[in-house]
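Start counting the sequence shown at 0; every next residue gets the next number (numbering that gives the first Met the number 0).
Every residue, glycine too, gets a C-beta built ideally from N, C-alpha and C.
Remember, it's a predicted structure, so these values are computed and weren't measured experimentally.
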Amino acid sequence: MYKRLRGENTTVDSPHTYTGAGGLVIRDDHLLVVKEHNIPFWKLPGGYVNPGENIGDAAIREVFEETGIRAEFVSLVAFRHVLNGSFDCDDMYFVTNLRPLTFDIVIDKEILDAKWMKLEDFITSPDVGEHSRFFVKKFLDNAKMGILLKQSKMIHQLTKKEFINYIPCAINSTTDI
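So, in structure tokens, the structure goes:
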């Protein structure tokens, strides 16, 4: 279905960005990690953001689906942007910091394995995906500097739809990480 536009363009381009979200979930000095069937290294749990789903909710859902761990959103950690990825679409992946509410892992069929790995081992292990390691290191660096990207919900003045800004904030206490 096409929508007629004014001017030279007569059709709307098809969607061109995939969005994903992952959860960086820390329990004491351990990190929740997964290993997928087709990826030979440990990584952060995560996956596709469904249409109409916000990034934090998607990360919470993906962590639960893959590991059985219930969690709550704390902050945005970072994101990556791949230009011209699969199917010539851009790929944006958002890593969130989630606080675990439960601790017993239940492995989903799409996941080969899941476990709580010592943070120190995650940083140094050759069996960890470099991308996940990069995000964890940046999270720890920012935590040492006392910085988090917290969400701030607002209502757009024209569309009246809710949206979320992620802004740098000082860490208030250990409950913020």
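request  = Using only alpha-carbon positions, find the residue among 155, 165, 156, 142 that is nearest to residue 171.
outcome  = Of the listed residues, the one whose Cα sits closest to residue 171 is 142.
Within the region 103-172, ranges of the beta strand (DSSP E) (whole runs, at least 3 residues) = Within the region 103-172, the complete beta strand (DSSP E) runs of at least 3 residues are 110-117, 146-154, 161-169.
key: residue 60 classed as buried or exposed, judged by whether at least 16 other C-beta atoms fall within 10 angstroms   = Buried, because 16 or more other Cβ atoms sit within 10 Å of the Cβ of residue 60.
Opposing strand residues paired with residue 44 [DSSP bridges] = Note: residue 44 is not bridge-paired with any residue in the DSSP secondary-structure output.
query = Can you round the beta-carbon distance between residue 136 and residue 122 to whole angstroms, since I take them to be within the 8 Å contact cut?
reply = Their Cβ separation, rounded to whole angstroms, is 7 Å, which keeps residue 136 and residue 122 in contact under 8 Å.
query = In three-state DSSP terms, what is residue 18?
reply = In this structure, residue 18 counts as strand in the three-state DSSP scheme.
inquiry  = Does residue 42 pass the burial test, meaning 16 or more other C-beta atoms within 10 Å, or should it be called exposed?
reply    = By the neighbour-count criterion, in which a residue is buried when 16 or more other Cβ atoms sit within 10 angstroms of its Cβ, residue 42 is buried.
ask   = If you check the beta carbons only, do residue 76 and residue 162 fall under 8 Å apart?
value = No.
request  = With a 10 Å radius around its C-beta and 16 neighbouring C-beta atoms as the bar for buried, classify residue 65 as buried or exposed.
outcome  = Residue 65 is classed as buried because its beta carbon has at least 16 other beta carbons within 10 Å across all chains shown.
request  = Please classify residue 22: is it buried, with 16 or more other beta-carbons within 10 angstroms of its beta-carbon, or exposed?
outcome  = Residue 22 should be labelled buried.
Cut-off 7 Å between Cβ atoms - residues of its own chain near residue 36, not counting five sequence neighbours on either side = Sequence-distant partners of residue 36 (beyond 5 residues in either direction) whose C-beta falls short of 7 Å from its own C-beta, in its chain, are 111.
task = Kindly give me the distance between the Cβ atoms of residue 194 and residue 72, rounded to whole angstroms, as I take these residues to be in contact under 8 Å.
result = The displayed coordinates of the chain run from 0 to 176. Any statement about residue 194 would go beyond what the structure contains.
request  = Determine the closest residue to residue 126 out of 78, 28, 29, 34, with distance taken between C-alpha atoms.
outcome  = Minimum Cα distance to residue 126 is reached at 34.
request  = Would you identify the three-state DSSP class for residue 56, choosing helix, strand or coil?
outcome  = Helix, per DSSP.
message = Taking 7 Å as the cut-off, is the beta-carbon of residue 114 closer than that to any non-hydrogen atom of the ligand PLP?
response = Here there are no bound small molecules, and the ligand PLP is not part of this structure.
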